[in-house]
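Structure, as structure tokens:
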Amino acid sequence: SFRQSFYLARLTPSPPQPALKRHPLPDGRGKEVIFFSGEGGAHTSLSTDIPLSRLLERGVPQDGVRAVYDIEGDWSAAGAWLVLNELTKSRIRFTNLRSDSLQADRKLPEMIQRLRRSGDITIDCSAIPDQVMNLALLAAFRSGKTTMIGAANLRHKECDRLAVITSELRKVGINITDTEDGLVIIGAAHFPLPATRYSLDPHDDHRMAMCFAVLGLKIGGIGITSPECVKKSYPQFFTHLVYQCETEHIGL
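For what it's worth, the working numbering labels the leading residue of the sequence shown as 79, then goes sequentially.
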């Protein structure tokens, strides 16, 4: 089973703000809660890790001096595992993900099911842009052309994710092209295993590094530079990955 080691809380602005607003967190970490509205924002709210003091400001009740709240797991971090399941026909059980969650990435299983079909397909990723890299792996191993749209904001993340996923997956022979707001991938059900080792650069992007790790378990011969960048959202990712591989006798 898999359980996240950090807590997430959702902040929903009401009513929607007419422009981008930034609210510094009060604990000195320099993080911000950003509310998007209008053109260009993928969501009207973002999930972020916040201190208890901010939760209290938002009206979360506290019973006495100490309180314990059950917070659901992170669908975004679960994406790599769901795609690993699909690519390797493995099985990982999640104990704290909710299918009725407000998190946008809860829709990933629906996208995975769509990618099981053969032939050309177009997927609108505007609601789940953080999963585009994971979905690109599935697209590379299916028969047909996969066109992903609605992910222009990925060019302004930790790196230009559309450009980086394209350049790095091309190194291993995947037929992928980036567009203004997405990707076009010509998949192959029988992908040739690499004849040599490849070093993929995640450009210090946590989601890119997790994506490359999944690819490495599928085809082998993959090295990842600066794998420690996963600490931004999932510090224990590689620890959990090694544990699962040892349990299932999968080579790393």
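For each residue, glycine too, the CB sits at the ideal point set by N, CA and C.
Quick one: give me the first and last residue of the beta strand (DSSP E) that residue i is part of.
i: Gly299; result: Unbroken run through Gly299: none, as it is neither H nor E.
i: Ser154; result: Careful: Ser154 lies outside any beta strand (DSSP E), inside the alpha helix (DSSP H) at Trp153 to Thr166.
i: Ser277; result: Tyr276 to Leu278
Using DSSP bridges, identify the partner residues of residue i.
i: Gly265; result: Gly222
i: Ile199; result: Thr224
Can you look up residue i in the DSSP assignment and give me helix, strand or coil?
i: Gly317; result: Here residue 317 turns out to be Thr, not Gly, going by the sequence shown. The answer is helix: DSSP assigns Thr317 an H, G or I state.
i: Ile190; result: helix
i: Leu215; result: helix
i: Leu293; result: helix
i: Ala205; result: coil
i: Gln322; result: helix
i: Glu306; result: helix
i: His281; result: coil
i: Asp178; result: coil
Contact criterion: CB-CB distance below 8 Å. Does residue i meet it with respect to chain C?
i: Gly228; result: Any reference to chain C falls outside this structure, which holds one protein chain only.
Tell me the rounded alpha-carbon separation between residue i and residue j.
i: Ala291; j: Asp152; result: 19 Å
i: Met286; j: Ile243; result: 7 Å
i: Ser303; j: Thr173; result: Note that residue 303 corresponds to Thr in the displayed sequence, not to Ser. Going from the Cα of Thr303 to the Cα of Thr173 covers about 31 Å.
i: Asn231; j: Gly299; result: 31 Å
i: Val308; j: Asp198; result: 33 Å
i: Leu293; j: Leu215; result: 7 Å
i: Leu319; j: Leu213; result: 19 Å
i: Lys296; j: Leu180; result: 31 Å
i: Ile206; j: Ile227; result: 11 Å
i: Ala158; j: Val250; result: 19 Å
i: Gly301; j: Ser245; result: 15 Å
i: Ser154; j: Ile263; result: 22 Å
i: His234; j: Leu247; result: 19 Å
i: Leu261; j: Lys223; result: 10 Å
i: Asn163; j: Thr274; result: 25 Å
i: Phe316; j: Ser204; result: 28 Å
i: Asp259; j: Ala229; result: 5 Å
i: Phe219; j: Ile149; result: 35 Å
i: Thr161; j: Thr257; result: The question names Thr, but residue 161 in the sequence shown is Val. So the two alpha carbons sit approximately 23 Å from each other.
i: Met189; j: His284; result: 22 Å
i: Arg169; j: Thr255; result: 31 Å
i: Ile252; j: Met211; result: 13 Å
i: Cys323; j: Thr166; result: 11 Å
i: Asp208; j: Arg239; result: 9 Å
i: His281; j: Arg195; result: 32 Å
Which runs of the beta strand (DSSP E) spanning at least 3 residues fall entirely within the stretch 228-259, listed in chain order? 253-256
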